[in-house]
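Chains as they are written, first to last, in the UniProt record's numbering: chain A, 1 to 197; chain B, 1 to 197.
Notes follow the structure.
There are 2 protein chains.
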Amino acid sequence: MEVLERKQRNREQTRSGIVSTAKDIARREGWQAVSIRKIADAIEYSAPIVYEYFDSKDVLLDEIRQEGFRHLRNEYERITKLYRDPEKRLYEISMVQWEFAVKQPEIYQVMYNLNGAFCALPVHEGQETQAVSSLVQDIIFSFIPKSKESIRRLYFEWWSISHGMITLAMMLKGQQSVEQSQQVYQEAMRRFARSLK
Amino acid sequence: MEVLERKQRNREQTRSGIVSTAKDIARREGWQAVSIRKIADAIEYSAPIVYEYFDSKDVLLDEIRQEGFRHLRNEYERITKLYRDPEKRLYEISMVQWEFAVKQPEIYQVMYNLNGAFCALPVHEGQETQAVSSLVQDIIFSFIPKSKESIRRLYFEWWSISHGMITLAMMLKGQQSVEQSQQVYQEAMRRFARSLK
DNA sequence: CAGCCAGTTTAACACCGTTAACTGAGCTAT
DNA sequence: ATAGCTCAGTTAACGGTGTTAAACTGGCTG
């Protein structure tokens, strides 16, 4: 029976090899350069093998996207446990978002279909995406217990400022250093969090 | 000699035919579906003809992108002439930006490499992009004549909020109606403009 | 009529996502 | 032992992509 187990282990190893190879190529050459054949070459298999693990390229990209949102959710939960002050919570979550985007830009890109990354599956139907949304909305609610509608508005605002600054900072990396952008980001997110009090 | 002129006219007609066909396909099926052969079919020529007008697909996309920034610049200039109050100016150009993104999403997408649109040429080296930047920065300066550095920060903030809300509004179109998003956008931009006073 | 030249097309290259058909090795049942 | 089956993995193919070189076509000129 342990033969089956070994087989299972191998399968999972190959599977995660596909995922991490995809991310590697994306990091080095951009998502636009990620192809099934290139992934297959890297893991020393032929192209159709990839389809034993993922129904399509879209599904593979979606997996990486969901992985990204899952990572964020875990970090957000960690922050929520760590701090009681909603203002602190919101600020720290904002910083986690920034660091994630800076350290793993290729994942951030596939999460939002940026810069050549394109996954046809809708972002907002993923389970993790929804989880992240309600997590942040809960934090905002613990701040100011307003109507569901108002919370959604505030969440939309928070998300927009964060996402907007992150994407533009990526885009303007040549014009404006990441440190400069980060400073503006920190200040803006601090101000937003404080404004909720 | 008028034969040459007619030839020239024809050339320009075909050229703009290529551009508008590309936009048509993008609008209907997304940028991901825009291919040289499909464009050629639509204008009833063979594929290599497109290369008589554009060195590459990237150059074609960049042309459309620059067209977008040119449009914005013209609108911004119109607004600047129309109003003297900097607060009003900033608010009005914010609204122009929103309307543009809503009415011509396919152009907005190629301007920022969103949702499958991908042009390898850097956004921020385009002449029009720079022009738009300094136009908005001038408006902010006429508000509060601070250091160049401060102005750049404020411009980055304005752009981030605007761009962030626009892209998320596009993404969440299913969850949140465009009207709802627009309301939040309007309020946020009004608040930002007022905060500069 | 020959030759040239511009405009246009065909054919090709190397790649892409994806699928069907095939191979070969190991296991099973007679 | 051998015939048959299963299954991981392959090759080959389809229709598509951006792009380029070569070939063609038709009208004008010497």
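For every residue, glycine included, the Cβ atom is placed at its ideal position computed from N, Cα and C.
Own chain, CB closer than 7 Å to residue i, minus 5 neighbours either side, in chain order
i	result
residue 27 of chain A	106
residue 73 of chain B	128, 131, 132 and 135
residue 102 of chain A	178
residue 144 of chain A	196
residue 43 of chain B	14, 17, 18 and 21
residue 79 of chain B	89, 92, 93 and 96
Beta carbon proximity, residue i to chain A, threshold 8 Å
i	result
residue 161 of chain B	yes
residue 129 of chain B	no
residue 153 of chain B	yes
residue 206 of chain B	An answer regarding residue 206 of chain B cannot be provided, because it is not within the stretch 1 to 197 covered by chain B.
residue 111 of chain B	no
residue 174 of chain B	yes
residue 32 of chain B	yes
Whole-Å CB distance - residue i paired with residue j, under 8 Å assumed
i	j	result
residue 129 of chain B	residue 69 of chain B	5 Å
residue 91 of chain B	residue 9 of chain B	With 8 Å as the limit, residue 91 of chain B and residue 9 of chain B do not qualify as a contact, their Cβ atoms being about 42 Å apart.
residue 156 of chain B	residue 184 of chain A	6 Å
residue 39 of chain B	residue 18 of chain B	6 Å
residue 57 of chain A	residue 36 of chain A	6 Å
residue 87 of chain B	residue 153 of chain B	Not quite, the Cβ-Cβ distance comes to about 18 Å (not below 8 Å), so this is no contact.
residue 114 of chain B	residue 60 of chain A	Contact doesn't hold; Cβ gap of about 21 Å is too wide.
Below-8 Å beta-carbon distance, residue i vs any chain B residue
i	result
residue 164 of chain A	yes
residue 207 of chain A	Because chain A here runs from 1 to 197, residue 207 of chain A falls outside it and cannot be looked at.
residue 168 of chain A	yes
residue 123 of chain A	yes
residue 184 of chain A	yes
residue 188 of chain A	yes
residue 95 of chain A	no
Classification of residue i by the beta-carbon crowding that lies within 10 angstroms, buried from 16 upward
i	result
residue 163 of chain B	buried
residue 34 of chain A	buried
residue 84 of chain B	exposed
residue 136 of chain B	buried
residue 161 of chain A	buried
residue 97 of chain B	buried
residue 109 of chain A	buried
residue 188 of chain A	buried
residue 169 of chain B	buried
residue 47 of chain B	exposed
residue 82 of chain A	exposed
residue 50 of chain A	buried
residue 89 of chain A	buried
Residues of its chain near residue i, where Cβ-Cβ distance is below 6 Å and the 5 sequence neighbours each way are ignored
i	result
residue 30 of chain A	116
residue 200 of chain A	No statement about residue 200 of chain A is possible, as the shown extent of chain A runs from 1 to 197 and does not include it.
residue 182 of chain A	none
residue 186 of chain B	none
residue 100 of chain B	none
Neighbourhood of residue i by C-beta distance below 8 Å, restricted to the same chain and skipping five residues each side
i	result
residue 112 of chain B	123, 163 and 167
residue 62 of chain B	119, 121 and 126
residue 141 of chain A	151
residue 159 of chain A	136
residue 172 of chain A	181
* Asked: Which whole runs of the alpha helix (DSSP H) in the segment 75-158 of chain A are 4 residues long or more, in chain order?
  -> If you keep only unbroken alpha helix (DSSP H) runs of at least 4 residues inside the segment 75-158 of chain A, you get 86-103, 105-111 and 127-143.
* To do: Tell me the start and end of each unbroken beta strand (DSSP E) in the segment 9-53 of chain A that is at least 3 residues and wholly inside, in chain order.
  => None, since the segment 9-53 of chain A contains no complete beta strand (DSSP E) of that length.
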